[in-house]
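Below is one structure, written out as structure tokens; the observations come after it.
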Amino acid sequence: MSTVSSKASGSQEQKDLETPRFNRLGDEKWYITDETSSDILVLNWASYEGSYVKKLWAKEMVVFYSGGYVSEDGKLVARKSTIKGFVVDLRKILLFSSQRNITLEFHRWDRELITEMFRANLLGELFLTAQDKPDGLASRGSTNGLFTVINVSNHAFSEGAISDGFAICFHNRRNSANAMFGDLLKKHGVHIDAYFKGGSFGEVATEVAMLLLAEAIAVLRSDQTRAAVALCKVQRSPDQIRHDLVYGRESGNRVSLNKYMKQGRIFPEFRNHGHRRNAREKILRLDALFTEVIGRELSALFWNSHGEFVNYCAEVYEACAVIFLCLTGIRVSELCTIKVSDYEKRNSGEWIFKSQVDKTHAGGSEIRVMHGLVAEAADVLEALSYSDKRTDNVGLFSRNLCQNMVDRGEEGEYFHPKKDTVSSYVKRFYARFIDKHGDAVTTKNSSISPHQFRHSFAAFALRRFDGNVLEAIRQHFLHGEGSGYTKKYTDGKLTPSVMNQLERDYINELVARIATSEDQYEFVGGVALYIRKRVTEIIGDSHVFLPVGEFEEAVDEIARDFDIINAHEYGYCMFSSKRKSQALCRDPRTNLPDPHRFWVFLFVQAVR
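Taking this note's numbering, the leading residue of the sequence shown gets 166, the next gets one more, and so forth.
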């Protein structure tokens, strides 16, 4: 594999790129266009291991994993780094087949053969170069790569998207790994839990993410943010005002908005010079604007200098980054490249990705619809800038608060923030959060990274309908579901039948998660024990190798035991109608789930 910049010239590979790219199954070279940078990833199939038939399968897998061809000439668009890693794992399977002279179709591989492959990979026998080969055991990431390829193959084969594929799917990677090579780990003094914990990003604890979101929302909706947005609106208009007229100067008696507010809205006496009269009029207009957007007169400006203003705007951008990461599951690299001009705003407040961009930019990494809190944050990000981000075609997270844009009427330097910049947004926001709330929160997360929010997003989405969550967050997910799935079938009205089906899906999803949880402490209590026991009764321990259809049938059978569910920010209350009298979280008066009763029970037990 190699990567060629779209701007490179003079090389033989660049000449190859200038010819039509069909990426046909018989071609020895394939060209994958990176969805973000438009660089080209070259796949040289002639140099890869394996038989011709096995390579055809690998090519079909690349097409499927890339999302399919995006044009009639066979163009493939995907994230370069993702495809590179995926191809490495595909080549490991090709190498294993070649080393063992295996001619069997993949759908005929049994668990013994697959186990042999995983054990060979763990011992470093399937690494493509001596430089890549580990000194000891292969990492968890290497094992997960094989899991991913097999699961993707199973999914694609079951859909008829590829001509061959593995007949099994791994629902619980930890348990599957333990069954296949747990003995090898023990010989090397490694526990299965330690193996799967190593290198994991983890997640932001749900309660910490909830508090972070509440903090971010408070910043987003504060009077200070409203004032900052109003000031930026003035600075984008023909009535822009010099910074010294807003904040004042450290020395001198020159009039300013800040001084005007602090002196009880009385201007100092001065001669009736034209430039001073003009300054006074601008100050009065800006003061009236602040009073309008905030709803009261300010006794002093929020900031004493432009530097303080810029620092506060940075805090707002940091809060918006937390909202985006937590409520969309977006990657940092995708967050950095969001362009305002790629979206149109509807009267409903939603931001819709433009269809004409959708047809030509087939990477699929953009947020298609921004609604609720995310749209609210996007509105603030667009407005909190001295430049018009929509007409100037700049990044949503580009601040553009340069003073010379006002003082000299010049355009600022427009750019997309780097990944490190956005990562620092999150870390600074969390540091201030700890300063405000104390070190107690660090017992859950000593530090956080943007990637961890991708897991938190799933947790929030699972609690989207019910529960004692922050109202703004609950409304966000209710709105999101209404604007997508439910609106499509009910014209935006949540009918009882739709709500019931959503709740059934909710229960099924939770049962599947409990049955396949790799962390025994993720789900605790009688219900979790009951579900795990029922899984074993129905399908035994073989569910680690079970085909998708059979596993889903087992989940459906178990889920039918439960009638109703409720959720809050720390857990779930779900019980069977046959065993509801034993449920600690049941309200005996209504016979409905009440998660808070469980926490009261724990508190009483602790006091005793």
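In this text, a Cβ means the ideal position worked out from N, Cα and C, and glycines have one as well.
Helix, strand or coil at residue i according to DSSP, with G and I counted as helix
| i | result |
| --- | --- |
| valine 559 | coil |
| alanine 303 | coil |
| aspartate 329 | coil |
| leucine 260 | helix |
| glutamate 462 | coil |
| isoleucine 431 | coil |
| lysine 584 | helix |
| phenylalanine 727 | strand |
| lysine 249 | helix |
| isoleucine 205 | strand |
| valine 369 | coil |
| glutamate 324 | coil |
| phenylalanine 518 | strand |
| isoleucine 406 | coil |
| lysine 504 | strand |
| tyrosine 196 | strand |
| valine 242 | strand |
| glutamate 702 | helix |
| lysine 554 | coil |
| lysine 510 | strand |
| valine 420 | coil |
| valine 534 | strand |
| glutamate 214 | coil |
| asparagine 343 | helix |
| asparagine 319 | helix |
| serine 672 | The question names serine, yet the displayed sequence has isoleucine at residue 672. Note: isoleucine 672 maps to helix in three-state DSSP. |
| threonine 268 | coil |
Proximity winner among the options, relative to residue i (alpha-carbon distances)
| i | options | result |
| --- | --- | --- |
| leucine 241 | Glu324, Leu278, Leu206, Arg564 | Leu206 |
| isoleucine 279 | Thr294, Ser262, Ala295 | Ser262 |
| histidine 353 | Thr294, Leu287, Trp195, Phe598 | Leu287 |
| proline 582 | Thr247, Glu281, Leu500, Trp516 | Leu500 |
| histidine 272 | Thr198, Leu538, Lys554, Ile333 | Ile333 |
| glycine 330 | His336, Asp726, His320, Asp204 | His320 |
| lysine 194 | Leu269, Asn209, Leu463, Arg391 | Asn209 |
| glutamate 457 | Ala392, Leu492, Tyr508 | Ala392 |
| threonine 308 | Ile327, Phe322, Glu277, Phe346 | Phe346 |
| glutamate 200 | Ser216, Lys220, Met282, Ile248 | Ile248 |
| asparagine 558 | Ser402, Ser589, Asp507, Ala677 | Asp507 |
| valine 545 | Asp721, Asp388, Arg284 | Asp388 |
| valine 692 | Ala605, Glu277, Asp726, Arg386 | Asp726 |
| aspartate 192 | Asp204, Ala223, Leu255 | Ala223 |
| leucine 269 | Ser550, Ser216, Asn423 | Ser216 |
Alpha carbon of residue i to alpha carbon of residue j, nearest angstrom
| i | j | result |
| --- | --- | --- |
| leucine 260 | glutamate 214 | 6 Å |
| valine 399 | histidine 408 | 12 Å |
| leucine 396 | arginine 450 | 11 Å |
| arginine 533 | glycine 233 | 19 Å |
| leucine 694 | isoleucine 258 | 37 Å |
| serine 498 | histidine 471 | 30 Å |
| phenylalanine 518 | serine 421 | 42 Å |
| tryptophan 274 | phenylalanine 312 | 15 Å |
| histidine 536 | alanine 344 | 44 Å |
| glutamate 503 | valine 227 | Here the sequence assigns isoleucine to residue 503, which means glutamate is not the residue at that position. Using only the alpha carbons, I get a separation of about 26 Å. |
| serine 304 | alanine 211 | 28 Å |
| phenylalanine 562 | serine 318 | 37 Å |
| glutamate 446 | isoleucine 431 | 13 Å |
| phenylalanine 489 | serine 328 | 39 Å |
| threonine 198 | aspartate 452 | 52 Å |
| isoleucine 315 | isoleucine 703 | 24 Å |
| glutamate 473 | leucine 566 | 12 Å |
| alanine 243 | serine 231 | 5 Å |
| phenylalanine 716 | valine 475 | 54 Å |
| threonine 493 | valine 539 | 8 Å |
| glycine 413 | isoleucine 495 | 41 Å |
| valine 676 | aspartate 721 | 9 Å |
| glutamate 225 | aspartate 204 | 22 Å |
Burial state of residue i, where buried means 16 or more other Cβ atoms lie within 10 Å
| i | result |
| --- | --- |
| glutamate 372 | exposed |
| alanine 543 | buried |
| valine 218 | exposed |
| proline 125 | Shown here, the chain extends from 166 to 773; a query on residue 125 therefore has no answer. |
| asparagine 512 | exposed |
| lysine 592 | exposed |
| leucine 293 | exposed |
Cβ-heavy atom distance, residue i to the ligand NAP, below 6 Å
| i | result |
| --- | --- |
| valine 539 | What this structure holds is no ligand at all, so the ligand NAP is not there to describe. |
Residue-level contact to chain B via CB, residue i, 7 Å cutoff
| i | result |
| --- | --- |
| lysine 298 | Considering every chain present, this structure includes no chain B. It has just one protein chain. |
Discussion item. Quick test of the definition: if touching needs 3 or more C-beta pairs under 8 Å, does the stretch 470 to 484 touch the stretch 377 to 384?
Written reply: yes
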